[in-house]
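The next block holds one structure in the form of structure tokens; read it before the comments.
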Amino acid sequence: MNNYLKKFIGKKEKILDNSTFKDILFAFVGSFIAITIIGYLTKNYNNLLVMGSFGASCVLLFGFPKSPFSQPRNVIFGHFISSLTGLSFLHFVGNDYISMALALATAIALMMTTKTVHPPAGSNPLIIFLLGANWDYLIFPTLVGSVVLVIVSLFYNNLHKNRIYPQYWF
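Residues in the sequence shown are numbered from 1 upward in steps of one, following full-length UniProt numbering.
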């Protein structure tokens, strides 16, 4: 038991934060552009493209574009798998906290199994349960919105002379 509690202290190592002011500003502008485009498309084409988890996706896409979690397959398929799982549990299992918890746990397991982990997508089942979303949520905002984010990230991140996005596609 004593060794178990000692783990709560953590390691002495600190996380290296080597983000420069230019990196921070670049991430700021990129995320602003991405969500502005998502908002514009939502407003002008009457299709919901805004999803709460997209804010966290922007942290990865524009702040940490080299991360495996930021790569296109992870962003798009992670969101898709998590939303599909959330919708399936909501509509076939039921709308209660146990179903919601099972949907989240299943979405995590599926993302890990398919090697498409995108941590922001983990919130999709919870969002879906809280909204009582319909099946069209899988297309708008999940699929179309995540593709738009990746496209913006593709064009924007590659403007930076020291960035290559994506690191890989599949």
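We put the CB at the ideal spot given by N, CA and C, even for glycine. Owing to the predicted nature of the structure, the values given are computational and were not obtained by experimental measurement.
Query                                                                                                : Result
When Leu131, Thr114, Asn47, Tyr137 are compared against Asp96, the one with the closest alpha-carbon : Leu131
Through-space distance from Leu90 to Leu110, alpha-carbon basis                                      : 17 Å
Cβ-Cβ distance between Gly86 and Ile128 below 7 Å                                                    : yes
CA-to-CA distance, Pro68 to Glu13, given in whole angstroms                                          : 22 Å
The region 100-117 contacting the region 154-166, beta-carbon criterion three pairs below 8 Å        : no
8 Å contact criterion, which Val144 and Leu49 should meet: CB distance rounded                       : 6 Å
Sub-7 Å separation of Gly63 and Ala27 beta-carbons                                                   : yes
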